[in-house]
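In my numbering, the protein residues as written are 568 to 836.
By construction, the Cβ of each residue, glycine as well, lies at the ideal position given by its N, Cα and C atoms.
Here's what the structure looks like:
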């Protein structure tokens, strides 16, 4: 973890957007730093190489934007991003990654990320994205927006069981209820164990349960998987739909275009 001296950043650039860079690869952090530093609009205040370091820097420096990779060591979408938002609510989390799996995208946005941009993004696009997030926008790169909208468009319009879950999340929940562990679920669905773990974290959040046991009981009471033992308390299952939250508003499918021809932008309403 590296925190830059105050006099090098915020004091010399008082109107700049403060940024923390979190990536496991030093070459990526150095490249981003070199790209952002010439801009008077952005001041890099620190670097982190793990999710734990990113959280520590968010707590200590309260940056305007925290740029992180979903492949950061220790990263879990349902935990890391939510915890960053908890300790520094004013910090906008930008996922900057090579991972363009639609489920990883949805997991990050559901957890509270304000943006998701691929590492193939042009350099000037990163500066614009960081400035946009700092003013409350929700920004997705063009290919990311296509994948997210495609995922949402495949959702059945009328779901009677757990309407707050995506089709993939309901599938994972049913496999959990049937007694399968994460590695087996990953193999069956042709996903990585980390992606399955992210799905499960989101399922826990949406169903308002604290652990796997409670999730299984909720699922089995809805007749998913094997029937559970009688007499156990079932936590409340809230209704609702997925919205992608901006700092001062919400962005739903169909919002206006921004970064690239088909990316998505959400402004405060």
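query                                                                                                                                                                                 : result
Does DSSP put residue 684 in a helix, a strand or coil?                                                                                                                               : strand
Look at the Cβ atom of residue 624, then the Cβ atom of residue 587, and state whether they are nearer than 8 Å.                                                                      : yes
Label residue 643 either buried or exposed according to how many other C-beta atoms from any shown protein chain fall within 10 Å of its C-beta, with 16 as the threshold for buried. : buried
What's the gap between the Cα of residue 669 and the Cα of residue 714?                                                                                                               : 6 Å
When DSSP labels each residue in this structure, what does residue 637 get in the three-state scheme?                                                                                 : coil
Between residue 690 and residue 602, what straight-line distance do the alpha-carbon atoms span, to the nearest angstrom?                                                             : 7 Å
Just tell me which of 753, 770, 743 and 678 has its CA closest to the CA of residue 787.                                                                                              : 743
What ranges does the alpha helix (DSSP H) occupy inside the stretch 747-775, keeping only unbroken runs of at least 4 residues that lie completely in it?                             : 749-756 and 760-774
According to the neighbour-count rule (16 or more other Cβ atoms, all chains shown, within 10 Å of its Cβ), is residue 709 buried or exposed?                                         : buried
What's the C-alpha gap between residue 585 and residue 681?                                                                                                                           : 16 Å
Okay, do the stretch 769-778 and the stretch 748-756 touch, 3+ Cβ pairs below 8 Å being the bar?                                                                                      : no
By the 10 Å Cβ neighbour count, where 16 or more other Cβ atoms means buried, how is residue 634 classified, buried or exposed?                                                       : buried
Rounded to whole angstroms, what's the CA-CA distance from residue 627 to residue 762? Just pull it up for me.                                                                        : 29 Å
Once DSSP output is grouped into helix, strand and coil, what is the label at residue 614?                                                                                            : strand
Identify every residue that forms a DSSP beta bridge with residue 663.                                                                                                                : 684
Return the chain-ordered list of same chain residues with a C-beta closer than 7 Å to the C-beta of residue 782, the five sequence neighbours on each side being excluded.            : 740, 743, 770, 771, 774 and 776
Hey, would you say residue 612 sits closer than 8 Å to residue 630, going by beta carbons?                                                                                            : yes
Can you tell me which of 732, 651 and 789 puts its alpha carbon nearest to the alpha carbon of residue 673?                                                                           : 732
Please confirm whether residue 622 and residue 650 have their CB atoms less than 8 Å apart.                                                                                           : yes
For residue 599 versus residue 618, is the C-beta distance shorter than 8 Å?                                                                                                          : no
Here's a check: name, in chain order, each residue in its chain whose Cβ is nearer than 7 Å to the Cβ of residue 583, leaving out the five neighbours to either side.                 : 607, 608, 609 and 610
Does DSSP classify residue 742 as helix, strand or coil?                                                                                                                              : helix
Count the other C-beta atoms from every protein chain shown that fall within 10 angstroms of the C-beta of residue 653, then say buried if there are 16 or more, exposed otherwise.   : exposed
On the criterion of 16 or more Cβ atoms from any shown chain inside 10 Å, does residue 705 qualify as buried, or is it exposed?                                                       : buried
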